[in-house]
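Throughout, the working numbering is defined as the position within the sequence shown, counted from one, plus 8.
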Amino acid sequence: MSLILLLTGLYVWRQGGGLSAEQIPVLVVRDRSGQQADFKLEKLDAQHIGERLRPLIDADAILCTDSASVYAHFAKVEGITHRPINPSQNRRVDGAFHIQNVNAYDSRLKSWMIPFHGVATKYLTNYLGWRRLLERYKTQLNPLICLKEALGYRDMQQLTQT
Numbered sequence: 009m010s011l012i013l014l015l016t017g018l019y020v021w022r023q024g025g026g027l028s029a030e031q032i033p034v035l036v037v038r039d040r041s042g043q044q045a046d047f048k049l050e051k052l053d054a055q056h057i058g059e060r061l062r063p064l065i066d067a068d069a070i071l072c073t074d075s076a077s078v079y080a081h082f083a084k085v086e087g088i089t090h091r092p093i094n095p096s097q098n099r100r101v102d103g104a105f106h107i108q109n110v111n112a113y114d115s116r117l118k119s120w121m122i123p124f125h126g127v128a129t130k131y132l133t134n135y136l137g138w139r140r141l142l143e144r145y146k147t148q149l150n151p152l153i154c155l156k157e158a159l160g161y162r163d164m165q166q167l168t169q170t
């Protein structure tokens, strides 16, 4: 993924709602070019974050996150530059660094999931994939695209010089 990564952890309600123990952590990673990854985590801690992010992040990446200490710990262990933004102090932007892109996605994801009244934990990754599909294709989504994506085919246009 590109140099500046926007990272957030959010919680998704299990089916039926309930206590906070009924929430499942989801890690969302986006970069400024629109690339995205999301993961259902067992626990929102540096170990589980590291397991998911190590294959994605280059050593020269800059992590832009909220001020949760788990991200600072992960960045320190991995030797990655970390730019925390503290929204609780009305800080949404720090120069070129912000987490508005990933927070907007979180909001869209949570709003989209409301009609489902929570999801079964074993199907959460399927719902996340469905949402990624909706984000990627927006109004262009059709059954053929869904089938191609399910089979692992993606339409790619190669630019060539003539």
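Don't be surprised by glycine CBs; every beta carbon is placed ideally from N, CA and C.
Beta-carbon spacing of residue i, residue j below 8 Å
i    : j    : result
K48  : V34  : yes
L142 : L132 : no
L42  : A67  : The sequence shown places Gly at residue 42, not Leu. Taking 8 Å as the Cβ cut-off, G42 and A67 do not qualify as a contacting pair.
V7   : A45  : Residue coverage of the chain in this structure runs from 9 to 170, which leaves residue 7 outside it and unanswerable.
V110 : R38  : yes
R91  : F105 : yes
T89  : I70  : yes
CB contact check: residue i to chain D, cutoff 8 Å
i    : result
G126 : Any reference to chain D falls outside this structure, which holds one protein chain only.
Neighbourhood of residue i by C-beta distance below 7 Å, restricted to the same chain and skipping five residues each side
i    : result
H56  : L49 and E50
L117 : R139
Backbone secondary structure at residue i - three-state DSSP
i    : result
D39  : strand
R162 : coil
I122 : helix
R144 : helix
I153 : helix
I57  : helix
K48  : strand
D74  : strand
R91  : strand
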